[in-house]
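Remarks on the structure that follows.
Written out as structure tokens, the structure reads:
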């Protein structure tokens with residue numbers, strides 16, 4: 001298409017409010033986890049969160065007249081995704097935030113793409129390792145070491161909490177390429193697949209939680225702020241956020257929508273600082289910046305793309321790199 005016939009990019013005002021709302025919702029999730037684990041075991045908090053999110057998406061499915069998958073093969077793969085993409089990482093963040101600041105958990109969540117890439121290359125074979133990506137990975141993991149502050153020594157509750165949060169990000173790193181390899185080709189909508197994941201995660205947690213943490217207390221026995229945090233985590237952070245993300249992808253495109261990952265830790269730090277009075281050591285935000293630069297390099301966001309000049313006789317087709325899927329928080 002020529003310069004005269006190319007469609008205009010969507011106006012920023014059409015997608016920016018939803019983009020910022022999604023970053024704020026996912027960034028605030030770490031605050032709600034911090035509040036929730038004050039009265040609930042991490043497994044109990046995750047169970048309540050996933051149940052609320054599943055109910056929210058089932059309502060949306062009903063409104064949109066969509067339906068859940070029916071193929072046993074799809075459900076079998078979603079069972080794996082539910083474990084590594086929902087049940088285990090949500091719980092690990094809960095365990096981690098019993099030991100570290102909510103803003104630090106938000107920073108660790110940003111390391112997910114660094115784990116996705118090597119697994120996608122070496123295990124699931126859905127990506128190729130290029131020099132640019134290798135440089136981005138090396139830079140990103142240097143940032144991980146800076147966030148950890150390894151020169152201060154290892155050990156202690158705070159260090160263990162950071163490793164738990166990193167483990168949660170590692171679970172996302174397994175779930176995303178697995179889903180891309182075995183589920184992405186499904187004809188079902190993303191909403192349908194996400195609702196099925198939450199239902200399966202609910203079953204998994206309903207079995208494990210009573211055995212490990214005991215039967216969850218009734219909501220009437222919890223403080224109003226914990227009940228509100230659970231509802232926010234489930235209905236907003238796990239339910240409505242998906243709908244907003246899908247809208248952002250439809251209006252702004254997948255590449256633009258995926259960059260919300262860079263704003264999530266910013267909101268997590270701001271919210272944790274204002275609402276909880278948390279503070280970070282100097283090396284943690286510095287390390288987070290190095291991590292995000294490494295992620296940007298590995299995804300090609302800092303490379304200068306050269307677009308051939310269009311002429312009336314030679315059509316050109318713009319191309320964009322395939323972004324990594326957005327991660328839940």
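Numbering (the UniProt record's numbering), first residue to last: 1 to 329. All residues carry an ideal CB built from backbone N, CA and C; glycine is no exception. Treat the numbers as computed from the prediction; the structure is a model and nothing was measured.
Leaving aside the five residues that flank residue 99 on each side, the residues in its chain whose CB is nearer than 7 Å to its CB run, in chain order, 157, 158, 160 and 161. If you draw a 10 Å sphere on the C-beta of residue 287, you find 16 or more other C-beta atoms in it, and that means buried.
Under the three-state reduction of DSSP, residue 15 is assigned to helix. Of the other Cβ atoms in all chains shown, fewer than 16 fall within 10 Å of the Cβ of residue 59; this residue is therefore exposed.
Listed in chain order, the non-local C-beta contacts of residue 30 below 6 Å within the same chain comprise 102, 105, 106 and 268, local neighbours out to five positions each way being set aside. Across the structure, residue 77 and residue 190 are spaced so that their CA atoms are roughly 14 Å apart. Rounded to whole angstroms, the separation of the alpha carbons of residue 120 and residue 136 is 15 Å. Collapsing the DSSP output to three states places residue 238 in a helix.
Remark: C-beta atoms of residue 177 and residue 126 approach each other more closely than 7 Å. Exposure of residue 151 is indicated by the presence of fewer than 16 other C-beta atoms within 10 angstroms of its C-beta. Nearest to residue 89 by C-alpha distance, out of 166, 225 and 63, is 166. Between the stretch 168-186 and the stretch 234-245 there are fewer than three C-beta pairs closer than 8 Å, too few to call the two in contact. Apart from sequence neighbours up to five positions away, the residues of its chain that approach residue 302 with a beta-carbon distance below 7 Å are 296, ordered along the chain.
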